[in-house]
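Trainee: Below: one structure in structure tokens.
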Amino acid sequence: MGLIYLIRHGQTMWNKEEVFRGQSDIPLNDFGRQQASAIAKELQEKKLQNPVFFSSPLKRARETAEIASSFLPGISVIDIEALIDIHFGEWQGQAKEKIEKLYPELYRMWLESPAEVVFPGGEDLKKVADRAEKAFIAIAREHMENDVIIVTHRVINKVLLCRLLGAGFDSFWKIRQDTACINILTWEHFLFNMLVINDTCHLRPLGKGDLRDF
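So for the sequence shown, my numbering puts the first residue at 2; every next one is plus one.
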């Protein structure tokens, strides 16, 4: 039985500037690439067994996965469309400060009752969780003897962890997911068990860089 490493991508400028990213395809910034290199060093120390790498197809996740797997010659990163970030609709590409002013009630609901939010022109958490969970379980079933590394996004990680832990989306904001964090799970007897959530210890050598959950 292998381990599953569920990883959030490294920092982008929109993380730093608190802009809603969603399915906008933006790259890592320099600090995000340093974070991805720190992930690579951490995974190398884990001495992975028959590792396989999967990623959201968006640049920030794909680039994180490619850098994180760079110590393994010949390893390819497989894109999984269902692990793409939530579609924020009209919020996509907008700064948090602007959204707070344009959509005050919906933004308040997003913070207090995220399960009830359907983003204008976008998705809701249930739709995102359904597609992501289906893909996640399929990967786990197919690679039970491998260490599996999956690089995705804040919302994807949060809804997956809510589902896998048997928690409702009311726990969405209770599960922190900093940029470049690592979560570790096992899958035994068709049950997922959490070993580590939101580990950022590998990022300490980078100093006081911004690790915010945004």
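Think of the CB as a built atom: it goes at the ideal place given N, C-alpha and C, for glycine as much as any other residue.
Could you name each continuous beta strand (DSSP E) segment of 3 residues or more that falls completely within the stretch 66 to 102, going from the start of the chain to the end?
Mentor: 78 to 80
Trainee: Whole angstroms are fine: how far does the CA of K102 sit from the CA of S77?
Mentor: 43 Å
Trainee: Roughly how far, in whole angstroms, is the beta-carbon of V149 from the beta-carbon of Q95, given that I think they are within contact range, below 8 Å?
Mentor: 34 Å between Cβ atoms; not a contact.
Trainee: Here's the rule: buried if 16 or more other CB atoms are within 10 angstroms of the residue's CB, otherwise exposed. What is P121?
Mentor: With fewer than 16 Cβ atoms within 10 Å of its Cβ, P121 is classed as exposed.
Trainee: Please list, in chain order, all residues of the same chain as E67 whose beta carbon is under 7 Å from its beta carbon, the five residues on each side excluded.
Mentor: V78
Trainee: Take the Cβ of C202 as the centre, count every other Cβ of all protein chains shown within 10 Å, and call the residue buried at 16 or more, exposed below.
Mentor: Exposed: under 16 other Cβ atoms inside 10 Å.
Trainee: For the stretch 16 to 55, which segments carrying the alpha helix (DSSP H) assignment without a break, of at least 4 residues, lie completely within its bounds, in sequence order?
Mentor: For the stretch 16 to 55, whole alpha helix (DSSP H) runs of length 4 or above, ordered along the chain, are 31 to 47.
Trainee: Among the candidates K47, E64, P58, Y6, whose CA atom is the shortest distance from the CA of T13?
Mentor: E64
Trainee: Helix, strand or coil, according to DSSP, for Y6 in the structure here?
Mentor: strand
Trainee: So D179 packs on D214, CB below 8 Å; how close in whole Å?
Mentor: 5 Å
Trainee: Which same chain residues end up closer than 6 Å to L216 when comparing Cβ atoms and leaving out the 5 residues on each side of it in sequence?
Mentor: Residue 216 lies beyond the range of the chain shown here (2 to 215); nothing can be said about it.
Trainee: Assign F215 to one of three DSSP states: helix, strand, or coil.
Mentor: coil
Trainee: Would you mind giving the Cβ-Cβ distance between A136 and L84, rounded to the nearest angstrom? I have them listed as a contact below 8 Å.
Mentor: 6 Å
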